[in-house]
Structure formats: structure tokens, C-alpha cells
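Peer 1:
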């Protein structure tokens with residue numbers, strides 16, 4: 040190959056490799072430029088929202104406070120987020136609560152006789168401290184990997200919370216437009232506004248709400264804002280006002296200067312304090328509400344961004360990133376900010392593919408303000424009011440109207456209820472009331488869910504101890520003397536009474552055999568509260584009056600500890616580690632009381648087998664059996680050994696066990712006098728599938744496979760009776776399993 044051809048191929052390869060990088064860089068620059076414009080829009084709107092009403096004459100500090108948050112949070116989260124196209128900044132949810140904090144702090148300082156300078160410094164410091172506290176809490180949540188626990192907040196409470204946020208945004212818009220609080224007596228102030236003050240606002244609010252109601256196009260908001268600004272400046276000459284007139288009327292933002300920390304050198308009159316710390320402390324709970332709103336919104340925004348972009352989201356990392364961003368923002372005098380869904384999706388739709396877009400947006404915003412700070416002063420206040428109207432109306436439509444189709448009626452009632460509490464009593468009261476109402480609703484609804492997984496008696500549920508045909512038949516006859524209940528879920532005051540009622544109905548049932556044993560199995564429960572122990576005291580008294588014993592099985596450790604502390608287990612209540620152990624104890628007691636239990640000191644092997652064989656066949660079979668005595672713990676055979684014999688238990692008991700990796704043995708089934716063990720491996724001609732070990736001194740009779748084959752050849756009649764006996768044994772086991780299955784369903 041010629042050298043020139045080689046150089047040409049290399050150049051082509053470099054160009055093809057550079058093309059995607061150039062395209063990606065252009066996309067990042069485009070996305071960053073669009074995002075920077077959106078950051079400025081949000082900063083002007085949300086900054087004005089904080090310093091409204093009584094703080095309106097400090098509005099020139101609201102925008103730079105929000106801009107600091109936009110620049111710092113966008114920069115930090117672009118570098119630390121788990122998502123490449125994330126754009127961060129102040130958000131309406133947290134800002135609405137932050138405005139309440141600022142207004143509350145200002146009112147407290149004013150009530151304490153503070154000067155305007157003290158009000159200003161205290162409000163600025165409270166905003167910065169709120170950012171720092173929020174950052175510390177968010178970082179702690181992310182570091183402890185507890186972010187997903189926030190998803191357990193009841194959905195209707197979140198709905199009421201966001202509906203209340205919508206009202207706060209509308210109230211903020213009213214304060215920005217009129218300078219007064221939105222009470223009934225002040226509504227008339229709207230009629231005194233200049234028509235240029237409300238026309239662009241109405242245009243922005245209504246048009247954006249209509250365009251985004253059915254399908255939220257990501258570019259709808261910035262386009263409508265641009266149109267709103269154009270409408271304002273088109274109408275300005277028609278109104279006969281100049282730019283200076285509009286600024287004097289409050290229709291334009293004042294000239295602002297970007298600051299990265301609050302100016303704490305404001306002159307303070309002698310004898311007064313520069314900062315009212317008591318006012319800040321009094322509104323600390325509201326600061327924590329801002330933190331909660333931020334955490335919930337981050338969770339929802341991050342999840343939505345991940346679903347839309349297909350990126351893997353690390354919620355704990357997002358919390359840590361937002362924590363670091365808010366700490367930095369607070370130290371520089373900024374407000375709370377975090378990941379924004381709208382701005383991030385706009386960034387992605389504009390072509391951004393990497394973190395460079397977020398970095399460029401933050402730096403572009405900073406440079407634009409540093410180079411041309413007067414541009415901010417040209418932004419129309421009615422456009423900002425319209426943006427607040429849009430955000431407030433969107434939340435109200437989404438949660439007061441749209442939530443009705445997504446929630447059950449009893450869940451939906453929480454939304455307007457919480458909304459009303461927020462309107463009349465504030466955010467903290469609304470959130471607390473919502474959580475309490477949701478907990479009460481959960482208790483009522485969960486109490487209607489049955490805590491009884493299944494009911495059984497000794498005919499439908501038996502222990503793993505296999506007994507002789509006679510004992511098994513007798514237990515089926517006596518089975519209704521046992522009443523058992525398998526419980527499930529968490530037991531509390533709402534479900535404890537239902538347990539008591541079921542047992543009472545069974546004990547008092549007419550026409551049924553008297554109940555001697557009441558069994559409650561806790562294997563499928565995951566806890567209980569103290570009220571359940573009181574119910575068990577009543578249950579024990581009820582059983583005692585009916586002559587029945589109360590048996591508890593498989594109690595979880597914490598539940599058992601609770602019953603021990605309350606003294607419930609000392610009320611002659613029988614307790615067993617497993618349901619199987621409890622059933623075995625009850626079966627033994629039933630047979631013992633009935634006189635059908637086989638005693639180890641009175642073995643009668645021939646009498647046990649005689650109902651199934653003719654006298655001659657029984658003699659012939661016994662002559663073919665080898666007797667083997669086992670000590671407790673001695674294996675009869677082990678897993679993996681060949682199936683070379685069938686064993687009939689004369690006395691004692693053997694257990695079929697499976698070894699676990701930790702060395703423990705799990706008992707699958709136990710075989711008592713008159714039962715057969717080991718026949719499955721013989722019939723299937725496979726190796727032993729489990730270990731069989733003597734649980735007590737045991738005697739078994741062994742019939743080897745060669746002997747059985749010889750018996751089939753020399754005495755077919757005896758062999759036939761033996762095979763019929765084995766078929767009855769297997770059929771009996773299947774019958775027990777079938778009854779247990781029927782009871783379960």
C-alpha cells in the first residue's frame with residue numbers, strides 16, 4: 040500500500056471519530072444555552088416569589104438570591120449527579136414553602152420590634168440557613184442509603200401537599216401583583232390594577248395551562264414566556280407608559296447586582312440586634328418542611344428523568360449531590376435548589392448528551408449577569424406573575440381535579456382535606472394532619488383485611504408424624520376437637536378483635552364437637568403491637584371457660600418478647616417453636632386420652648399388622664423379616680445409599696431428615712409404630728433421598744429386596760397382601776396431603 044493511501048485512511052478515521060464528538064459538543068452548547076435562559080426565568084420568578092407582600096420593597100435581593108442557587112446548584116449537580124443531562128436550580132415546591140418561612144420570620148421580627156435592617160438580615164440568614172440545613176439532611180439521607188424510604192410517604196398526602204403548594208403559588212402571585220396577602224377583603228385590589236399588570240400575566244397563566252394540560256411539551260414553557268415578554272413590550276406603547284414609568288409602577292424588576300453572600304454590613308440602629316435568632320428558631324419546623332418537600336421532589340424528579348432518558352438512577356447519589364449543592368448555595372447566600380425535571384428534559388431535548396451542558400449553563404448564566412446586569416431589570420413582573428399562575432393552576436388541576444380519577448374516593452378525600460388545612464392553618468398543620476389522617480385510614484383499611492390465612496382441625500392438618508392406620512383413623516374421628524388458625528401479616532388493635540371473635544364463634548358453635556385445643560400459628564406474621572397481648576388474655580379466659588387449652592406456635596422473636604414482657608405467656612398458655620411440634624403434642628394427647636396410643640413398653644407388632652394379613656400370610660411375612668434395634672440418634676440408613684430394603688417400625692420412632700449447609704437437620708417426617716419407611720427407593724429402584732435417624736430407642740423389622748423377590752416367587756399370596764399393605768400406606772399419605780391442600784384453598 041502507498042504511504043499516501045495510508046495517510047488518507049488515517050485522516051478519514053480521525054474525521055469519522057471527531058464527527059460524533061463535534062456533534063455532541065454542539066448539542067451540549069445548545070442545551071446549555073437554552074438551559075441558561077430557563078435558569079434566568081426561574082430565578083426571576085421564584086426570587087420574586089420569596090420577597091413579596093411585606094417584603095416586596097426588598098425584591099431586588101430575591102432575584103440574586105435565586106440566581107446564586109441556580110448557578111451553584113447547577114454547577115455542583117452537573118459534576119456529581121448520576122445523570123448526565125441533569126439541570127438543577129430552585130423549584131416551585133420548595134420555594135413556595137421557603138416564601139412562607141421568609142414571611143413568617145419577617146412577621147416575627149416585626150412583632151419583636153425589629154428594625155427594617157434587622158428584618159432584612161434575619162430573612163436573608165434564614166434563607167441561607169434553610170439551604171444549609173436542607174443540604175446536610177439530604178446528604179445524610181443519601182449517605183445512609185435511606186433514599187427509597189421516602190417512597191413510603193402516603194400518596195394522597197403527597198397529593199394534598201402539592202395541591203396546597205399550588206395554592207401557595209397563586210397566593211404568591213397575588214402578593215406580587217398587589218403587595219397584599221390573598222384574604223377575602225383584599226380581592227377587590229385586583230380591580231384597581233393597571234390593565235398592563237394583569238393582561239400578560241393572564242396570557243401566560245391561561246395559555247401555558249391549556250398547552251400543557253393534555254400533553255406537556257418540554258419547550259412549551261420557554262416559548263410562552265418569550266411570547267409573554269413580547270406581548271408586554273408590544274402593549275407597553277399602547278398603554279402610554281415608558282420603561283421608567285413601568286418600573287416605578289412595579290411592572291419591571293428593579294436593577295439588581297449579583298451577590299454570592301448576604302450583605303451583613305447594613306447599618307443597625309444603636310440598641311438593636313443585627314439578627315433576630317429567636318425568630319429563626321421559632322420557624323425551624325417550617326424549615327424542616329422545606330427539607331421534606333425538597334427530598335420528596337428530588338425523589339419524584341429523579342425517577343421521572345430516569346424513566347424519560349433511560350438512564351440508571353442512583354437515588355442515594357442524587358440525594359448526596361443535592362446535599363452538597365445546597366450546602367454550597369447556603370454558604371454563598373443562596374436559596375434551596377435541586378434537580379429539575381422540566382429544565383433537565385429541556386436540556387436533553389435541546390441536544391445535550393453530557394455533563395458539559397450543565398456546566399456551560401451555569402457559567403453562561405454567570406457571565407451574562409456579570410456582563411449585562413441591566414438585562415434582568417428589563418424582565419416584566421406580570422410575566423413572572425403569569426408563570427406563578429401557571430405553576431399554581433397546574434398543581435391544582437393535577438391534584439384537586441385529576442387525582443379523583445387516580446385515587447379511590449376515600450383516598451381522594453384526603454387531598455382536598457389537606458388542601459383546606461394548608462389554606463387556613465399553614466403548611467406544617469396540613470402535612471401533620473395529612474399524615475395522621477393517612478395513618479388512621481390505613482389502620483381502618485388494614486383492619487378490614489383478614490389476618491387469618493387459613494383455619495384447620497386435625498382432619499385437615501396433621502403433624503409430620505406418620506402413625507398406624509388405627510391411630511390415624513382415630514385422629515380423624517377426634518379431629519374436630521382441635522381448632523387451629525394460621526395468622527398472617529402484622530397484628531394490631533384492628534385485627535386482634537377479629538381473632539378473638541373467630542375463636543368465640545367456634546367455641547360456641549352448636550352441633551359441633553367440643554373444642555379441647557385452640558391453636559394459633561404465627562409463622563406467617565411479622566409482628567404485633569401491645570394491644571394483641573390484651574386480646575390474648577381475653578382469649579385465654581375464653582378458652583378456660585370452655586375447657587380448652589390455648590396453644591401458640593412459631594412466635595417471632597419480637598412477638599414472643601412482647602408477650603413475655605406483658606406476662607401473657609405465664610397464663611398457662613402452651614407454646615411451641617413450630618406448628619408441627621404443637622400438632623404432634625396435641626395428637627399424642629388426644630390418642631393418650633382416648634386410649635389408642637401405642638406405648639413403647641407394650642409393643643404388639645403382630646396385632647398391629649394382623650388387620651392387613653391372613654394368619655398364614657402374617658406368619659410367613661414375619662419369618663422373612665430381620666429385627667434391628669437402634670439407639671437414639673443412630674441412623675437407619677443415609678442419603679445416597681442404595682434402596683435395598685423396606686422397614687416396618689415396631690416401637691420407637693424414626694425421622695426422615697435433610698441436612699442443611701450449616702450442619703443442621705430438618706425433619707421432613709417422623710414414623711411411629713406400625714408404619715413403613717424406605718419403600719419409595721425400593722419401588723423406584725433409586726438411592727435413598729434423605730437420612731433416616733432414630734429419634735428414640737427403636738426396633739424395626741427389615742425386609743430386604745432379595746427376600747421380597749423370593750417371597751414373590753415362592754408365596755405370591757403373601758407377597759400380594761404385603762404389596763396391598765404398602766399401597767394402603769401410600770394412599771393414606773396422599774389422603775392426608777389432599778386434605779391439607781383442600782384446607783389451604
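In this note's numbering, the protein residues as written are 40 to 784. Just so you know, even glycine gets a beta-carbon here, dropped at the ideal spot from N, CA and C. The model shown is predicted, which means the values in this text are computed figures rather than measured ones.
With H, G and I counted as helix, E and B as strand and the rest as coil, what does DSSP make of residue 689?
Peer 2: strand
Peer 1: Where residue 713 and residue 193 are concerned, what is the direct C-alpha to C-alpha distance, given to the nearest angstrom?
Peer 2: About 59 Å.
Peer 1: Quick check: the Cα distance between residue 638 and residue 674, rounded to an integer number of angstroms?
Peer 2: Only weak support is given to the placement of residue 638: the predicted model assigns it a pLDDT of 44, under 50, and the value that follows is read from those uncertain coordinates. Distance between the alpha carbons of residue 638 and residue 674: 22 Å.
Peer 1: From what residue to what residue does the beta strand (DSSP E) around residue 318 run?
Peer 2: Not the beta strand (DSSP E): residue 318 falls in the alpha helix (DSSP H), residues 316 to 321.
Peer 1: Applying the 10 Å Cβ sphere with the 16-neighbour rule, what's the burial state of residue 525?
Peer 2: That one is buried.
Peer 1: Is the CB-CB distance between residue 545 and residue 522 below 8 Å?
Peer 2: yes
Peer 1: Which value, in whole angstroms, describes the spacing of the CA atoms of residue 300 and residue 100?
Peer 2: Only weak support exists for where residue 300 lies, its pLDDT of 48 falling under 50; the value from the coordinates is given anyway. Rounded to whole angstroms, residue 300 to residue 100 spans 11 Å at the Cα level.
Peer 1: Quick one: grab the DSSP three-state call for residue 392.
Peer 2: coil
Peer 1: Measuring CB to CB, does residue 117 end up less than 8 Å from residue 397?
Peer 2: Cβ atoms of residue 117 and residue 397: closer than 8 Å.
Peer 1: I need the boundaries of the alpha helix (DSSP H) containing residue 457, first residue and last residue.
Peer 2: 453 to 464
Peer 1: If you draw a straight line from the alpha carbon of residue 770 to that of residue 571, how long is it in whole angstroms?
Peer 2: 42 Å
Peer 1: Cβ atoms of residue 372 and residue 107: under 8 Å apart, would you say?
Peer 2: Yes, the pair counts as a contact, with Cβ atoms nearer than the cut-off.
Peer 1: Along the chain, where does the alpha helix (DSSP H) that runs through residue 282 open and close?
Peer 2: 282 to 287
Peer 1: For a test of the three-state rule: what should DSSP assign to residue 122, helix, strand or coil?
Peer 2: coil
Peer 1: Skipping 5 residues on each side, what residues in its chain have a beta carbon closer than 8 Å to that of residue 359?
Peer 2: 119, 177, 178, 181 and 182
Peer 1: On the DSSP bridge assignment, give the partners of residue 732 in chain order.
Peer 2: 674 and 694
Peer 1: What is the residue span of the alpha helix (DSSP H) that residue 358 lies within?
Peer 2: 354 to 370
Peer 1: Below 8 Å between beta carbons: does that hold for residue 428 and residue 166?
Peer 2: no
Peer 1: Go ahead and pull the three-state DSSP assignment for residue 639.
Peer 2: Legend: pLDDT at residue 639 = 41, less than 50; position of this residue unreliable, no value from coordinates given.
Peer 1: Determine the closest residue to residue 405 out of 768, 743 and 79, with distance taken between C-alpha atoms.
Peer 2: 79
Peer 1: For residue 519, which residues from the same chain have a beta carbon less than 6 Å from its beta carbon, with the 5 sequence-adjacent residues on both sides left out?
Peer 2: 496 and 552
Peer 1: When DSSP labels each residue in this structure, what does residue 567 get in the three-state scheme?
Peer 2: strand
Peer 1: When you compare only the Cα positions, how much space is there between residue 499 and residue 724?
Peer 2: 32 Å
Peer 1: So, at 7 Å on beta carbons, what are the nonlocal neighbours of residue 265 in its own chain, with the 5 sequence-adjacent residues on each side left out?
Peer 2: none
Peer 1: Can the beta-carbon of residue 152 be found less than 8 Å from the beta-carbon of residue 364?
Peer 2: No, these two residues do not count as a Cβ contact at 8 Å.
Peer 1: When you compare only the Cα positions, how much space is there between residue 609 and residue 578?
Peer 2: 14 Å
Peer 1: What is the residue span of the alpha helix (DSSP H) that residue 644 lies within?
Peer 2: 644 to 648
Peer 1: Go ahead and label residue 55 buried or exposed: buried means 16 or more other beta carbons lie within 10 angstroms of its beta carbon, across all protein chains shown.
Peer 2: Interpretation of residue 55 is limited by its pLDDT of 48, a score under 50 that renders its predicted location unreliable; the figure taken from the coordinates is listed afterwards. Label assigned to residue 55: exposed.
Peer 1: Could you tell me if residue 790 is buried or exposed, where buried requires 16 or more neighbouring beta carbons within 10 angstroms of its beta carbon?
Peer 2: No answer is possible for residue 790: the residues shown for the chain start at 40 and end at 784.
Peer 1: Leaving aside the five residues before and after residue 710 along the sequence, list all residues of the same chain whose C-beta is less than 7 Å from its C-beta, in chain order.
Peer 2: 505, 688, 692, 693 and 716
Peer 1: I'd like the list of long-range same chain contacts for residue 205, defined as Cβ closer than 6 Å, with 5 residues on each side in sequence excluded.
Peer 2: 431, 434 and 435
Peer 1: Who pairs with residue 588 in a beta bridge, going by DSSP?
Peer 2: 556
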